Each structure stands twice: as C-alpha cells, then as structure tokens.
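Here the sequence shown stands for residues -24 to -1, 1 to 121, numbered as in mature numbering (1 follows the signal peptide of the UniProt record, and there is no 0).
Beta carbons: idealized from backbone N, C-alpha and C, even for Gly.
All values derive from a computational prediction rather than experimental measurement.
The block underneath contains the structure these notes are about, expressed in structure tokens.
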Amino acid sequence: MKKKLKLFISIVSLMMLSNLILTAEDMLIQANQLPQNAQTFVKTNFPNDQIVYAEQDRQSYKVELESGTEIDFDKSGNWTDVSGNNRPIPTQFIPAAILNAVKTKYHQIEVLDISKEYNSYKLKLSNNREVYVSNNGQITGDKLD
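Take a look at the structure:
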C-alpha cells in the first residue's frame, strides 16, 4: 500500500511539474536560441552591442542589449518594438516612408522608441512627442508624451 501511495504521489508531482514547465510565461534562453531573423536584426542594427538577456514566451521573444536597449520580436523573429529606454536608437531598420514622414516634420529629432501597431507605427521622439504613422507614411496622430 505504501508503495502505491509513493508511486501515486510521484506521478502527481511529476505531472504538476511538467504542467508548470509547459505553462511558464517567460523562459530564459541563450542568444543563439533566438530565431535567425532576430539574431541577424541585432547583429546588423546593433553591431557593437551584445545581448545580455533573452527570454521566450509562447508568442514572442524579448532581448536586452548591453546598452539597455530592449527589443521585442514575434515568434518568427521579426521585430515588433525597439526601445532605447530614453536614448536614441538606430533608424536604418525603420521603413523609409515612416522615417521620412517623421524627419520631414521634426528635423534633427532622434527616435527613442518604435512599435509596430496594426497598420501603423508608433514612435517616441526626443522632443517628447509620440507620433503615429500609417504604413504608407502618413502621420495619423501626434501628441505630447
């Protein structure tokens, strides 16, 4: 009887542990476990910045770079958000239509954060403005942040 009870407790414990592992929200990973698109994005746009933290959840990845920049990727490794944490970020990855719309209206202003939204982009600028730009490069919203 004791053997059966121990076996039962062991099985239940194992099932609970495996369920906990499967439903974990965020799991720390190594940088080389990121999708290839994400690895290439970081190497291309942040060549002098190392990944110091990477995590994965069911639908996305998140990395933090040595500089404090945080980047979110979708499950395929495409960027969805880049935040310089109040420091300028590189802009070469931002689609030309989006960047041109912002640079035309705000000369000499740095981009601190960009997020892909549904059919648009949201940019936070160094002049404390939050600008919304449609995929075709039209500014659709602009407010003081």
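*For Glu46 and Ile27, the rounded distance between their alpha carbons*: Between the alpha carbons of Ile27 and Glu46 lies a distance of about 10 Å.
*asked:* Do Phe22 and Leu41 have their beta-carbon atoms positioned less than 8 Å apart in this structure?
replied: Here Leu41 is near Phe22, since their CB atoms are less than 8 Å apart.
*Can you tell me whether DSSP reads Thr116 as helix, strand or coil?*
strand
*Are the Cβ atoms of Asn112 and Ala72 separated by less than 8 Å?*
no
*Could you tell me which residues DSSP puts in a beta bridge with Phe49?*
In DSSP, Phe49 forms a bridge with Tyr37 and Trp55.
*Beta-carbon separation of Val107 and Leu120 under 8 Å?*
no
*Given that a residue counts as buried once 16 or more other Cβ atoms are within 10 Å of its Cβ, and exposed if not, what is Gly60?*
buried
*What is the DSSP secondary structure of Ile90, reduced to helix, strand or coil?*
Residue state, collapsed to three classes: strand.
*Whole angstroms is fine: what's the gap from Pro66's alpha carbon to Val87's?*
Distance between Pro66 and Val87, taken at the CA atoms: about 8 Å.
*If I'm right that Leu10 touches Gly53 with Cβ under 8 Å, what's the distance once you round it to whole angstroms?*
For a cut-off of 8 Å, the C-beta gap from Leu10 to Gly53 is around 6 Å, short enough to register as a contact.
_I'd like the span of the alpha helix (DSSP H) that includes Ala77, first residue to last._
Note, Ala77: alpha helix (DSSP H), Ala72 to Lys81.
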